[in-house]
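For the sequence shown, the UniProt record's numbering assigns the number 1 to the initial residue and increments by one for each residue that follows.
Please read the structure below before turning to the comments.
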Amino acid sequence: MASTLADINSQIKKHDEQIAQLRKQAEDLRNQERAGVIEELRKKIAEFGLTASDLKLGGRGAAVKRSAGAAAPKAAAKYRGPTGETWSGGRGRKPRWVTEALAAGKSLSDYEIK
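Now the structure itself:
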């Protein structure tokens, strides 16, 4: 097996071209299959009179939207600030009073609600 580097590079190039052709064929076949599936689904949708809401296709997260008045549940307060403000200790950014207290050398345990 006395191949030269040029021979090996030539074989690699030939195989790369074959790989590219095979990938193109695979993509074409997938697009044909996809078109068939879409057509079949359209026929079934028309046959059964289905709507986007029946299929839960109302957009991102449409199936899990909260009702208009529903808010995220409140977490119980774990810390109380010097002027009465509270913080649950984990949702979102730390409140300004917490970051200022920590920068001043205080500890969260100083503000724990007991």
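Backbone N, C-alpha and C fix where the C-beta goes; we use that ideal spot for every residue, glycine too.
Since we're looking at a predicted model, the values are computed, not measured.
If I follow the unbroken alpha helix (DSSP H) through residue i, where does it start and stop?
i: Asp110; result: Taken as a continuous stretch (DSSP letters only), Asp110 belongs to no alpha helix (DSSP H), as it is neither H nor E.
i: Lys78; result: No alpha helix (DSSP H) holds Lys78; DSSP gives it neither H nor E.
i: Ser10; result: 5–48
i: Ala103; result: 96–103
Applying the 10 Å Cβ sphere with the 16-neighbour rule, what's the burial state of residue i?
i: Ala101; result: buried
Could you tell me the distance, in whole angstroms, from the CA atom of residue i to the CA atom of residue j?
i: Thr4; j: Asp16; result: 18 Å
i: Arg23; j: Ala6; result: 26 Å
i: Phe48; j: Leu57; result: 16 Å
i: Gln21; j: Glu40; result: 29 Å
i: Ile19; j: Val37; result: 27 Å
i: Tyr111; j: Arg34; result: 60 Å
i: residue 180; j: Ala71; result: The displayed coordinates of the chain run from 1 to 114. Any statement about residue 180 would go beyond what the structure contains.
Taking a contact to mean a Cβ-Cβ separation below 8 Å, would you say residue i touches residue j in this structure?
i: Ile113; j: Lys78; result: yes
i: Gly81; j: Trp97; result: yes
Inset, instruction - Take every Cβ of the region 41–59, pair it with every Cβ of the region 82–98, and state whether three or more of those distances are shorter than 8 Å. - result: no
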